Structure formats: structure tokens, C-alpha cells
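Per the numbering used here, the sequence shown starts with residue 12, numbered consecutively. Working notes, beginning with the structure itself.
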Amino acid sequence: MFVLTDLKGKRFGRFIVISQNGKIGKKKLWICQCDCGEKVTRRKDDLVRGRSRSCGCLRRDTNSTHRKSKTREYRIWSSMIQRCKNPNTKSHKNYGNRGIKVCDRWMKFENFLEDMGIAPAETTLDRIDNDKGYYLDNCRWATRKEQMRNKRTNHLVTVFGVTKTAIEWSEITGIHFQTFLSRLRKGLTPEEAIKKTQIHENQT
Numbered sequence: 012m013f014v015l016t017d018l019k020g021k022r023f024g025r026f027i028v029i030s031q032n033g034k035i036g037k038k039k040l041w042i043c044q045c046d047c048g049e050k051v052t053r054r055k056d057d058l059v060r061g062r063s064r065s066c067g068c069l070r071r072d073t074n075s076t077h078r079k080s081k082t083r084e085y086r087i088w089s090s091m092i093q094r095c096k097n098p099n100t101k102s103h104k105n106y107g108n109r110g111i112k113v114c115d116r117w118m119k120f121e122n123f124l125e126d127m128g129i130a131p132a133e134t135t136l137d138r139i140d141n142d143k144g145y146y147l148d149n150c151r152w153a154t155r156k157e158q159m160r161n162k163r164t165n166h167l168v169t170v171f172g173v174t175k176t177a178i179e180w181s182e183i184t185g186i187h188f189q190t191f192l193s194r195l196r197k198g199l200t201p202e203e204a205i206k207k208t209q210i211h212e213n214q215t
């Protein structure tokens, strides 16, 4: 059976293990840094068996946020933390693995909610600069269209000598965004993709 001996760099709950710090009897002690910033010493057994998962902030946060844990803002906050901090999530490769981080202040839900406020209807959390992390000056509540304009993969399309994003052409012409992209993927020129809709409208 595999026995974990070196805990350095490993995560246990909110803890990241920094270094060993002696023993109590035969039990090794490890210095851990909590996500809230606090450093404490914990026994290996307590970490590995899940008996110690934070410096105490987890219980405090749970008590203060349990009434908000079913809100949309809490789900958005939790998803943000997971994709940046948890390598086991599918989206981590596009966030945490790409260096996108959550600022220390927003590791606590109450601070996130205080800074961002209640999410307006039809909006989700959006980073203004997609190469930077989650913090107040780089985040906003944005609609799907606003996010599509800001999307890292959104490409520019030139039609009749004028260059705009694909989502902007969709809004200008009235062609559904996915329909416009589908026509381009099939090999139509941007001009042909637009004219195809215009021809159909004239026929009807």
C-alpha cells in the first residue's frame, strides 16, 4: 500500500503544506499555510485523515455564509475558486493552469459579494482582461453578448473592408452568431455569409 511520506506542496482542504516542523513522538508535524493566509502547525495524521482542513476559518466562513450558499452569487464564486484552485476540474487547464488566480481578498465569499454586489439578471462574472486574474478592477457582471466580445477566442472578421468582431457583425446584420460562424466554417466568405441571409429575406 502506498504511504504518503512527503507532504510538502500537497493540499489538504484549505491547507497547502510548506515544510516539516519536527515531531511529537513518532508523529511528524508540518507547517501549513491556510488559504486565508494564516500559518499553523498540524500533525500528518490529522491532515491525511481529513481531521484538520483549515486554521479555523472554514468553520467561521461556513457559519457566516450558510444562509447564502444557495444563492446564484455563491455558486458563481465557488465555481471561480474551483477552476482556479482545483486541478481536478475540467476548466482548470484554461484558468489555474494558465496562471489565472483569485486575489487573496476574494478567497472569502463575503468580500467577493461586498465588492461585486448582487449579479444583475442575465449576467455572469466576466474578466475584462482575459490574461489577468479575478480581482475587483478586472471583473464585472456582464451579459453573454458582452462576454462574447471579450472572449479570448473571439476572432475579427473583415466584411467589405470593415473589420469587426464576429459577434458585432451578428448584431449589425441580424444573423444569429452561430449561424454566421457556421457559414464561415463551411468556406463562405464573410460577404457571402451576409448576402445569403439578405437573399433569403428578399425571396420571402
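We treat Cβ as the ideally placed atom computed from N, Cα and C, and that holds for glycine. Keep in mind the model is a prediction, meaning the values are calculated, not measured.
(request) Tell me whether the beta-carbon of K37 lies closer than 8 angstroms to the beta-carbon of K55. (result) Result no, Cβ atoms of K37 and K55 do not sit closer than 8 angstroms.
(request) Tell me whether A132 is buried or exposed, calling it buried when 16 or more other Cβ atoms sit within 10 Å of its Cβ. (result) Exposed.
(message) If you follow the alpha helix (DSSP H) that N32 is in, where does it begin and where does it stop?
(response) For N32, no alpha helix (DSSP H) run applies; the uninterrupted beta strand (DSSP E) run containing it begins and ends at 26-35, by DSSP.
(message) Going by DSSP in three states, D137 sits in which element: helix, strand or coil?
(response) strand
(request) Classify I186 as buried or exposed, calling it buried when 16 or more other Cβ atoms lie within 10 Å of its own Cβ. (result) I186 comes out buried.
(request) Note down, in chain order, each residue of its chain lying with its Cβ closer than 8 angstroms to the Cβ of N108, except the 5 sequence neighbours on either side. (result) P98
(request) Work out the CA separation of D140 and L69 for me, nearest whole Å. (result) 31 angstroms
(request) Take the Cβ of S102 as the centre, count every other Cβ of all protein chains shown within 10 Å, and call the residue buried at 16 or more, exposed below. (result) exposed
(message) Measuring straight from C-alpha to C-alpha, what distance separates G33 and W41?
(response) Rounded to whole angstroms, G33 to W41 spans 8 angstroms at the Cα level.
(message) Does G198 come out as helix, strand or coil in the three-state DSSP assignment?
(response) Three-state result, G198: coil.
(request) List the whole-angstrom C-beta distance separating E84 from L124, where the pair is believed to meet the contact cut-off of C-beta under 8 angstroms. (result) 6 angstroms
(message) Between the alpha carbons of T176 and Y146, how many angstroms are there, rounded?
(response) 26 angstroms
(request) Within 10 angstroms of the Cβ of R94, are there 16 or more other Cβ atoms? Answer buried if so, exposed if not. (result) Buried, since its Cβ has 16 or more Cβ neighbours within 10 Å.
(request) Provide the residue(s) that pair with R151 in DSSP beta bridges, ordered along the chain. (result) D137
(message) I need the straight-line Cα distance from A204 to I129, nearest angstrom please.
(response) In this structure, the alpha-carbon of A204 lies about 40 angstroms from that of I129.
(request) Assign V173 to one of two classes, buried (16 or more other C-beta atoms within 10 Å of its C-beta) or exposed (fewer than that). (result) Flag for V173 reads exposed.
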